[in-house]
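Taking the working numbering, the leading residue of the sequence shown gets 44, the next gets one more, and so forth. Glycine is no exception: its CB is placed at the ideal position from the N, C-alpha and C atoms. Because the structure is a prediction, the values reported are computed rather than measured.
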Amino acid sequence: MQNKWIRVLFCLITIVVFMFGCKKTETEKKITREIFAMDTIMQLTIYGDHGEEAMNEAIQLVNRLDRLFSVTNKESEISKINSSAGKAVLVSKETYELIEESLQYSEDTKGAFDISIYPLVKAWGFTTEAQKVPNDSQRKTAMKKVDFQKIQCLPKQRIKIDKGMEIDLGAIAKGYLSQKIMELWKQKGVTSAIVSLGGNVQTIGKKPDGSSYQVGITNPEDGTSLFGAISVENKAIVTSGIYQRNFEENGEVYHHIMDAASGMPAKNNLASVTIITDNGVRADALATALFVMGEEQAIAYQNMHPEIELLLIRKDGTYWASKQVELI
Ligand code: AMP
Ligand code: MG
């Protein structure tokens, strides 16, 4: 009799161990997808249960937001706002929310971040293969059209820009997307994940082996090798750099991060700016804005906002990092 109970107990222990074992392998399941959207290759990875459904919904989200925000797709909501300049346009909750947030970053960075920069981006040919230095009159004409204060978020989800103006969410859309993917995945119970959307990385939790995610920082000198890596948990890591899009004319390199005040690519000693913080939208907007500000103002901004971590890599290969940043 006693033997029988010992056997039952042994069976129960075996079942529990087996279930535990299965659970462990299940939580280590990895699902990865690669997708081209927003002009870049995006890699999405989830570890653990519920991954398939969470991944499929994320892919739908990527495609939906790409369709809404693309400035080159004539059917997008951004194109509709641009082609209807002077009139109010009804937009989705997402477009309205992102434009509203963009305006807050413009206020907060005194115009260093400005989504109405598009006429300048076009004047420099960054929307096409034919990049060129505009002449003074082309540059000044474009500059007159740039002013975030003339973007209106009206009641009932309507957006209006002044006639002649055009907006472009290129400096913030990927950060919004990674933020929304993370929110979706957390709701679905995902506890470990990483997305890499061009220069934008965002993570949930730790890797299945219990270690932190390590995110590489590109060496701006060549745009391909690694400058270093940082260890993160539940963070967005976004880099804006001169290596991401540029052209050379008469021996001078011109990049795509514009200073609305000069109508020129922001000219300073920086080669890249990396922001590490909890929110992807904030990281993306501030990486662009702090690049435009330049080293001194960027450091002053970080001092006033210690919750953001900052890494500045200079053109001469040296760097400045806020004290939380540990380059590996
Ligand atoms: P990012 O790589 O996030 O720094 O975004 C750069 C892209 O945003 C450029 O290719 C332009 O389309 C646009 N852009 C350039 N300068 C600015 C700026 N000062 N504020 C907002 N968007 C900008
Ligand atoms: Mg940005």
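Check	Outcome
Between the beta-carbon of Ala332 and the beta-carbon of Phe156, is there less than 8 Å?	yes
Compare the Cα-Cα distances from Val324 to each of Ile210, Ala185, Val134, Ala214 and report the closest residue.	Ala214
Beta-carbon within less than 7 Å of Phe191's beta-carbon, same chain only, minus the 5 sequence neighbours each way: which residues are those?	Leu146, Ser149, Gly154, Asp157, Ile158, Ser159
Considering only heavy atoms of the ligand AMP, does any lie closer than 7 Å to the CB of Met301?	yes
Below 6 Å CB to CB, which residues in the same chain sit around Met336 once its five sequence neighbours on both sides are set aside?	Ala155
Which residue from Gly91, Leu87, Val114 puts its Cα closest to that of Gln103?	Leu87
Have a look at Asp252 and Met85 and give me their C-alpha separation to the nearest angstrom.	24 Å
Nearest-angstrom Cα distance between Leu353 and Asn346?	10 Å
Is there contact here, the stretch 169-184 with the stretch 120-134, by at least three beta-carbon pairs under 8 Å?	no
Is the beta carbon of Val275 sitting closer than 8 Å to the one on Ser255?	yes
Can you give the Cα-Cα distance for Glu95 and Asp265, rounded to whole angstroms?	36 Å
Looking only at DSSP bridge pairs, what is Gln174 linked to?	None; Gln174 has no bridge partner.
Which of the three DSSP states is assigned to Ser127 in this structure?	coil
Could you tell me the distance, in whole angstroms, from the CA atom of Glu369 to the CA atom of Val258?	12 Å
Measuring CA to CA, which of Lys366, Phe79, Leu111 is closest to Ala216?	Leu111
Please classify Lys73: does DSSP put it in a helix, a strand, or coil?	strand
Three or more C-beta pairs closer than 8 Å, one from the stretch 303-322 and one from the stretch 114-123: is that the case here?	no
Is the distance from the Cβ of Lys358 to the Cβ of Leu313 below 8 Å?	yes
Alpha carbon to alpha carbon, how far is Phe290 from Val296? Give it in angstroms, no decimals.	6 Å
Gln257 bridges to which residues according to DSSP?	Ser274
Using the Cα positions of Glu140 and Lys72, report the straight-line distance between them to the nearest angstrom.	34 Å
Check for me: the beta strand (DSSP E) holding Lys165 runs from which residue to which?	Note, Lys165: premise wrong, no beta strand (DSSP E); alpha helix (DSSP H) at 161-166.
Using 8 Å for Cβ pairs, my map puts Ser283 next to Val316. What's the rounded Cβ distance?	5 Å
For Ala330, which three-state DSSP category applies?	helix
Is any non-hydrogen atom of the ligand MG found closer than 7 Å to the C-beta of Ala128, if you look at the structure I gave you?	no
Taking Ala173 as the reference, give the member of Glu137, Tyr344, Glu292, Trp363 with the closest Cα.	Glu292
Got a sec? Which residues, its chain only, sit under 7 Å from Gly241 by beta carbon, not counting five neighbours each side?	Thr83, Lys217
Closer than 7 Å is what we want: which residues have a beta carbon that near any heavy atom of the ligand MG? List them in chain order.	Ala214, Ile215, Gly218, Val281, Ser283, Asp327, Ala328, Ala330, Thr331
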